[in-house]
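To start, the structure under review is shown below, and the notes come after it.
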Amino acid sequence: MEVVKRVACLFLFILITQPAIGQSQLNGVFKGLYNAGENSVVYEFKKDGTFITTISGNLGAREEGKGTFEIRNKNELYLEYEDISKQSLSKKTIKRTRSSVSNWAEVNLTVFEESDSSKLYLLPIVHLLDNDQEEVMAISTDQNGFTSFKVNGETSTIKYLSVHLLGYHELKIDMNSLMNFRNNIDVYLYSGSLHTISKSLVKFKIEFQNNSILLTNQNGSVMKLQKIEN
Amino acid sequence: MLRTTTSHMKKHIYLITLLLLAIGLGLLGCSEEDIFETTEVQRVNSIKSQFSPETFNKVISNDYKVDWNVSTLLEHSEELGLDYYEFEISLSENQAPITSKLYDIKQSLFAIKKEGGVYDFYVAKYFMDRWKSEGKSIKDVSFSNMESFSGLLNVFDNNNQMTYAKKMDNGKVLGAPVSLNSDFNTINIETRMFENCEVVPIYHYVDTYHPSSDGQWWVYQYSDLVSISYDLECSTGYLPELDLSGGAPGNYFSQNGGGVYTECEDPRHGCIYEVETELVRFEDLIDDSKLKPCMQNILADIKTQTKGVSWVINRFNYNSPNPYVNFTENYNWTVEDGSLVTTTGETSSKFNRTNKSVTTIFDSNKFGNASDLSIARTILHEAVHAFLVAHFNIDRASFVQDYPDLISSFGGGALTNLNDAHHVEFIRNWLKDIASSLEEFGLKRGYNLPSQYYKDLAWGGLTDTYVNGVPKETPWFIFFVRNATDRQRIKDNLSIELNGLDMNGVTQTQKGNHGGC
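Sequences listed follow chains A and B, in order. Following numbering that gives the first Met the number 0, the numbering of the first sequence begins with 0 at its first residue and continues without gaps. Following numbering that gives the first Met the number 0, the numbering of the second sequence begins with 0 at its first residue and continues without gaps.
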């Protein structure tokens with residue numbers, strides 16, 4: 000009877016603590032290469048059940064995310080990403096004079112690369128957005144990195160001005176702040192990635208190996224991640 | 000009757016006079032020009048019509064013109080025993096003047112009068128010694144006006160053969176004049192040919208040229224003084240014309256758009272500039288001095304390939320067999336070994352405007368289990384990234400024209416990172432060429448593999464991406480390789496060559512040899 004009781008208790012203990020054991024195995028920093036070494040992913044799993052993901056690639060491509068993780072049914076890893084925002088490192092200077100016409104924003108805009116002040120020219124770099132941040136139109140800069148336009152504050156659906164180019168931090172300006180002025184704007188775009196993983200749930204099959212884990216996504220692709228830090 | 004006889008006699012005397020005159024003219028060898036008075040204008044026009052400027056191209060390489068001055072007088076040289084005209088030669092305005100620290104230089108055309116109004120032509124070159132001719136102008140010097148001349152006179156025929164030469168000091172001929180041509184007195188000068196020997200410094204330069212933006216011509220970049228040697232230079236004749244095309248003493252201005260060379264500091268003997276031209280392939284511009292030897296070895300093979308990096312890059316827009324990257328004006332690729340936290344190789348999106356270079360870092364430690372094929376395909380892949388970064392920063396106008404789809408993806412929102420945007424462009428333009436280049440590399444290394452294997456490896460770095468934290472096969476991989484089994488084979492081959500394991504982590508044999516890293 001004593002033996003049965005012991006076995007029952009042990010079974011109960013294992014049943015209760017099983018997820019916690021899995022979770023505790025998943026402490027530390029794991030790194031894996033994928034896409035034939037072109038990209039990498041680093042997961043930092045913490046004891047408090049939170050994690051940070053950093054995905055890197057060529058040309059400064061970088062995607063970051065964080066949230067909470069959970070292991071279910073021994074071999075299912077759930078990563079629940081939360082929304083995070085990052086501060087753009089792009090900058091702007093605005094010199095403005097009052098416009099003779101009210102309710103119009105007159106914009107003269109020049110775009111520079113932040114690191115060396117070279118001009119970013121001949122690129123569809125200025126995006127005019129509506130209230131829902133949807134693009135209404137895109138404007139290219141000329142040979143001198145310059146473009147100009149006017150927006151009617153009463154009739155136009157354009158509410159935001161976004162200076163955006165792949166590989167650079169986006170810079171956004173509220174059109175309201177430009178109304179009734181002739182605005183000479185210099186934008187200095189910061190070279191680098193600003194992409195963050197938005198709120199979502201990602202599921203992997205997980206298999207524990209010596210000092211590494213194998214993650215299999217829903218398409219069946221397997222990625223081996225090596226533990227590089229506790 | 001008497002009147003008739005007198006009339007007959009007058010007629011006879013007249014005819015006899017005419018006959019004697021005709022015989023006299025014939026005996027004297029008089030020409031039409033001697034009998035009938037000809038104006039100087041007609042004479043000069045006659046000379047001009049007999050002269051073809053292009054016949055002296057070997058003598059005067061520049062674009063030149065003859066000053067057909069009608070007031071030029073027929074001169075007689077007792078020394079040479081001939082009559083001649085001398086016309087000044089000037090270079091056209093767009094020609095760089097011939098310069099020399101030692102001499103003021105003047106060129107003129109001799110028209111030597113022959114029988115029957117025919118002329119022979121020669122080019123005279125006067126080298127007036129600056130050190131001995133202070134206050135004198137070379138413009139005043141001519142063959143008939145050398146009373147106080149110090150320097151050299153060389154006369155050339157249209158084959159650039161020296162036909163006459165003399166060396167003078169304040170109007171006094173040193174030694175004897177030298178003549179080699181039938182127009183001049185024949186004097187054997189063989190014994191005098193090598194008497195004037197000097198030790199002359201020779202400055203050895205390499206002029207570097209890069210291709211122009213459209214690849215149609217070469218653009219001079221810089222000159223390197225690589226060495227200075229000394230040689231015993233012996234003159235032919237009294238003193239040869241200094242080799243103006245190879246460098247007169249003092250400053251030498253390249254006639255081919257090259258450099259300016261100023262090292263010569265010997266105004267007495269002069270110097271020689273020997274300038275070699277070096278046309279630089281893109282491969283030669285790759286700075287791999289900071290790369291690990293294992294990768295240097297592989298890159299060295301790629302550099303010597305017919306279908307190397309420059310071929311891959313050029314194949315796209317220009318479809319040119321030119322082994323030189325078309326827009327490489329001011330573009331270098333720096334490849335270094337370094338410790339990367341994450342990937343095997345990373346190309347910076349930043350263009351260094353100071354040294355005109357794009358840098359790629361390879362982490363050779365991550366190639367510890369990689370084959371040479373894997374390393375080679377990674378190098379080729381990164382080379383195209385570097386090319387796109389440089390092109391974007393150097394020549395935006397042609398970049399926008401050449402890569403409209405890439406440009407639209409920059410702002411379009413469909414792609415979230417620049418790496419993916421580049422990769423789509425790889426698929427559009429370079430996939431097959433990377434495979435061809437890799438195949439040449441494999442053949443060079445002695446591999447007997449099907450072309451398909453190299454095509455598989457060319458997909459390296461293009462098969463997967465992350466979308467919002469989720470690893471996925473790229474849509475372009477799925478689109479171009481419809482069959483999932485084929486995609487799996489490609490990814491397995493890439494993985495095996497990189498680390499000896501297939502995508503399931505099972506050890507497999509690599510087709511390439513170990514890369515040595």
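For each residue, glycine too, the CB sits at the ideal point set by N, CA and C.
Taking the Cβ atom as the reference point for each residue, do residue i and residue j lie within a distance shorter than 7 Å?
i: Thr207/B; j: Glu277/B; result: yes
i: Glu496/B; j: Ser373/B; result: yes
i: Glu153/A; j: Val28/A; result: no
i: Phe203/A; j: Leu214/A; result: yes
i: Thr464/B; j: Asp419/B; result: yes
i: Asn209/A; j: Thr462/B; result: no
i: Ile489/B; j: Asp455/B; result: yes
i: Met174/A; j: Ile157/A; result: yes
i: Ser147/B; j: Glu74/B; result: no
i: Thr52/A; j: Gly64/A; result: yes
i: Gly459/B; j: Leu493/B; result: yes
i: Glu424/B; j: Tyr402/B; result: yes
i: Glu273/B; j: Ile201/B; result: yes
i: Phe440/B; j: Ala375/B; result: yes
i: Thr109/A; j: Arg181/A; result: no
i: Gly389/B; j: Phe361/B; result: The sequence shown places Ala at residue 389/B, rather than the Gly named in the question. Going by C-beta atoms, Ala389/B is not nearer than 7 Å to Phe361/B.
Check the Cβ-Cβ distances between residue i and every residue of chain A, and say whether any is below 7 Å.
i: Gly515/B; result: no
i: Phe326/B; result: Because the pLDDT at Phe326/B is just 49, under 50, the model does not fix this residue reliably, and the point stays unresolved.
i: Ala483/B; result: no
i: Lys349/B; result: yes
i: Gly337/B; result: no
i: His390/B; result: no
i: Glu277/B; result: no
i: Asn316/B; result: Here the model assigns Asn316/B a pLDDT of 45, short of 50, so the residue's position is not dependable, and the following value carries that caveat. Not one chain A Cβ lies under 7 Å of Asn316/B.
i: Asp394/B; result: no
i: Glu345/B; result: yes
i: Met502/B; result: yes
Less than 7 Å between CB atoms is the rule here; does residue i satisfy it with respect to chain B?
i: Val106/A; result: no
i: Lys226/A; result: no
i: Asn57/A; result: yes
i: Asp115/A; result: yes
i: Ile196/A; result: yes
i: Val135/A; result: no
i: Tyr80/A; result: yes
i: Val201/A; result: yes
i: Leu164/A; result: yes
i: Gly66/A; result: no
i: Ser211/A; result: no
i: Ser190/A; result: yes
i: Gly36/A; result: yes
i: Ser101/A; result: no
Does any CB atom of chain C fall closer than 7 Å to the CB of residue i?
i: Val221/A; result: The chain inventory of the structure shown lacks chain C, comprising the protein chains A and B.
Let me check one thing: in DSSP terms, what residues is residue i bridge-paired to?
i: Arg161/B; result: It should be noted that the sequence gives Met, not Arg, for residue 161/B. In the DSSP output, where bridge partners are listed per residue, Met161/B has Phe155/B.
i: Ser107/B; result: Glu87/B, Ala123/B
i: Asn182/A; result: Arg95/A, Val106/A
i: Arg71/A; result: Glu75/A
i: Lys149/A; result: Glu105/A
i: Arg61/A; result: Ser55/A
i: Thr305/B; result: Answer is none; Thr305/B lacks a bridge partner.
i: Ile172/A; result: Leu160/A
i: His203/B; result: Ser226/B, Glu273/B
What does a CB cutoff of less than 7 Å around residue i pick up in its chain, not counting 5 residues either side in sequence?
i: Asp82/A; result: Ser197, Lys198
i: Asn38/A; result: Ile54, Ser55, Gly56
i: Asn318/B; result: Caution is warranted here: a pLDDT of 40 is assigned to Asn318/B, below 50, making its placement in the model unreliable, and no coordinate value can be reported.
Below 8 Å CB to CB, which residues in the same chain sit around residue i once its five sequence neighbours on both sides are set aside?
i: Asp491/B; result: Asp501, Met502, Gln507
i: Ser89/A; result: Glu113, Val162, Tyr167, His168, Glu169, Leu170, Val186, Tyr187, Leu188, Tyr189
i: Ser211/A; result: Phe29, Lys223, Leu224, Gln225, Lys226
Give me, in chain order, the residues of the same chain whose beta-carbon lies closer than 6 Å to that of residue i; leave out the 5 immediate sequence neighbours on both sides.
i: Leu284/B; result: Asn331
i: Leu25/A; result: Phe44
i: Val201/A; result: Leu78
i: Pro449/B; result: none
i: Ser192/A; result: Gly59, Ala60, Arg61
Of all the beta strand (DSSP E) runs that stay within the bounds of the stretch 83-138 of chain A, which reach a length of 3 or more residues?
Entirely contained in the stretch 83-138 of chain A, the beta strand (DSSP E) runs reaching 3 residues are, in chain order, 90-97, 103-112, 123-128.
Going residue by residue through the stretch 336-389 of chain B, where are the continuous beta strand (DSSP E) segments of at least 3 residues, counting only ones entirely within it?
Qualifying beta strand (DSSP E) stretches, in chain order: 344-346, 356-361.
Go through the stretch 275-299 of chain B residue by residue and report every complete run of the beta strand (DSSP E) that reaches 3 residues or more, in order.
When DSSP assignments are scanned along the stretch 275-299 of chain B, the uninterrupted stretches of beta strand (DSSP E) that are 3 or more residues long and fall wholly within it turn out to be 285-289.
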